[in-house]
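Trainee: Numbering (the working numbering), first residue to last: 9 to 475.
1. From residue 207 to residue 87, what distance separates their C-alpha atoms?
2. Could you say which of 89, 79, 85 lies nearest to residue 98 if we only look at CA atoms?
3. Tell me whether residue 235 sits in a helix, a strand or coil according to DSSP, three-state version.
4. Taking residue 234 as the reference, give the member of 277, 362, 43, 202 with the closest Cα.
5. Could you have a look at residue 38 and say whether DSSP puts it in helix, strand or coil?
6. Identify, in the order they occur along the chain, each residue of the same chain with its Cβ nearer than 8 Å to the Cβ of residue 42, setting aside the five sequence neighbours on each side.
7. Is it right to say residue 395 is buried, meaning 16 or more other beta carbons lie within 10 angstroms of its own, or is it exposed?
8. Closer than 9 Å, CB to CB, is residue 163 near chain D or not?
9. Keeping to the same chain, check which residues put their C-beta closer than 7 Å to that of residue 434; ignore five residues upstream and five downstream.
10. Less than 7 Å between C-beta atoms, sequence neighbours within five positions excluded: which residues of the same chain meet that for residue 188?
11. Can you list, in chain order, the residues of its chain with a C-beta nearer than 6 Å to that of residue 309? Leave out the 5 residues immediately preceding and following it.
12. Pick out the complete beta strand (DSSP E) segments inside the stretch 143-209, 3 residues or longer, and give them in chain order.
13. According to the Cβ coordinates, are residue 267 and residue 325 closer than 9 Å?
14. So, at 6 Å on beta carbons, what are the nonlocal neighbours of residue 199 in its own chain, with the 5 sequence-adjacent residues on each side left out?
15. Could you check where the beta strand (DSSP E) with residue 69 kicks off and where it finishes?
16. Whole angstroms is fine: what's the gap from residue 62's alpha carbon to residue 315's?
17. Just list the residues that DSSP pairs residue 222 with in beta bridges.
18. How would you write the range of the alpha helix (DSSP H) that residue 362 sits in, first residue to last?
19. Whole angstroms is fine: what's the gap from residue 95's alpha carbon to residue 75's?
20. Spatial neighbours of residue 465 within its chain, please: CB distance less than 7 Å, with the 5 preceding and 5 following residues excluded, ordered by chain position.
21. Residue 221: buried (16+ other C-beta within 10 angstroms of its C-beta) or exposed?
22. Between the stretch 332-342 and the stretch 290-299, do three or more beta carbon pairs fall short of 8 Å?
23. So, does the stretch 334-343 touch the stretch 295-307, judging by three or more C-beta pairs under 8 Å?
24. Between 36, 244, 155, which has its C-alpha nearest residue 129's C-alpha?
25. Cα separation between residue 398 and residue 164?
26. Under 9 Å between the Cβ atoms of residue 58 and residue 127?
27. Under DSSP, the alpha helix (DSSP H) around residue 292 begins and ends at which residues?
28. Which of the three DSSP states, helix, strand or coil, is assigned to residue 140?
29. Kindly list the residues whose CB is nearer than 6 Å to the CB of residue 346, restricted to its own chain and excluding five residues on each side of it in sequence; keep chain order.
30. Nearest-angstrom Cα distance between residue 295 and residue 279?
31. Name the one or two DSSP bridge partners that residue 98 has.
32. Could you give the DSSP three-state label for residue 75: helix, strand or coil?
33. With respect to the beta strand (DSSP E) encompassing residue 280, which residues constitute its N-terminal and C-terminal limits?
34. Where are the alpha helix (DSSP H) runs, 4 residues long or more, that stay fully inside the stretch 311-348, in chain order?
35. Where does the unbroken alpha helix (DSSP H) through residue 373 begin, and where does it stop?
36. Which value, in whole angstroms, describes the spacing of the CA atoms of residue 186 and residue 352?
Set out below in structure tokens:
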């Protein structure tokens, strides 16, 4: 036992003596910091020196706990024993083909510097955290373990009503389908158009039609709602929240692909209000479709976005109505079972397992309940399944794979659907770390017209109509 203790002591002394060597070696990092200019850039600053010329320097940016890829940024510098340089992460939505990519307010990641000198010495700074904060405003905050709600116009009551509504919604959706928030969601309430549009992803080319959007990758929800349009926020935010909870629960695997679009939107629309109520424009189109026998085939909207405005509104109405039918006829327990089954297989498998019918069979049961003619779909072709769309066009310059010098242009799954603590200030957007320390719904298939069309009903400027 004594020998073991001596060995452990010797090992700990070895580790203790080795740690300072990392910080006290030939390459010395005097300072690292970052500064955020929202919607423009993040500037990562480095001041370093060595006994030989520093010949290679790059910044590694990562986003732990998210599906967003990291990237390397290579700053310009002249080899010398002492170097002070900046690496720029571009946030400007109008700049394409430059290092960086879209990051919403509230996005968090880590950065570390890699340095090499002419003598062959190598040094990597410990990963330090950074956060994208919008310092243009003085934010108020309410938060708990599930949400952080930020707003800058309106009193405490304004933010608290949104905060309380979100908590009520998550309680209801957890009970209804058994979905839970997997990670904290940040909700930013913008009071004016220009500020809101400036922080949307580049794909929102018709940003004036957008009223709320989740950024699933970072657990962020963006809402445009001045205090006088509070009603919009307390309806839009719950809608987006349902999408975000479903996305977090199902993840990026099979479940996310098998949740039918009509069901996803139906659930989000159903939980906009408490108690639930269908919007009048949905109800009008649904009643007309029942009367004229022009109801949509649900299966055709499992993975495909409607092609025009009225069709989209009708899909929302039908989705709401079918969700309501399942809950009233079968109960919340069956809805929870369907949701769980979607994680393991297709929608048809899930409905068959829980309700004893496939998607077409469910539609006919619903048709019978609402007094609409039933359909024999066995001989009818099914719409071509496209990539699962989200609620708005969103093509963003996002971080490329680790190891690449520049980001990769790709589509980002950013939905744009028609979603007592004391108020505190948001953390500052400029931070300094000490590396020497021992601590270590409109998919792209529809084009720009679809964005304007679905943004208008999608989220949706409802607050301006006072609904």
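Note that beta-carbon positions come from the ideal geometry of N, C-alpha and C, so glycine has one too.
Computed from a predicted structure; not experimentally measured.
Mentor: With the given structure in hand:
1. 37 Å
2. 79
3. helix
4. 202
5. strand
6. 50, 51, 52, 53, 119, 138, 438, 439
7. Residue placement at residue 395 cannot be trusted, given a pLDDT of 35 that sits under 50; the coordinates are not used to answer.
8. Absent from the structure is chain D; it holds one protein chain and no more.
9. Confidence is the limiting factor: at residue 434 the pLDDT is only 26, short of 50, which leaves the residue's position unreliable and the question unanswerable from this model.
10. 182, 257
11. 269, 270, 323
12. 148-151, 155-159, 193-198
13. no
14. 161, 234
15. 49-70
16. 57 Å
17. 229
18. 355-363
19. 23 Å
20. Any reading at residue 465 needs caution, since the residue's pLDDT is 32, under 50, leaving its predicted position unreliable; the model's value is listed next. The residues are 317, 320, 321, 426.
21. buried
22. no
23. no
24. 36
25. Confidence is the limiting factor: at residue 398 the pLDDT is only 34, short of 50, which leaves the residue's position unreliable and the question unanswerable from this model.
26. yes
27. 288-300
28. coil
29. 358, 362
30. 21 Å
31. 49, 108
32. coil
33. Element bounds for residue 280: n/a, residue is neither H nor E.
34. 317-338
35. 367-378
36. 15 Å
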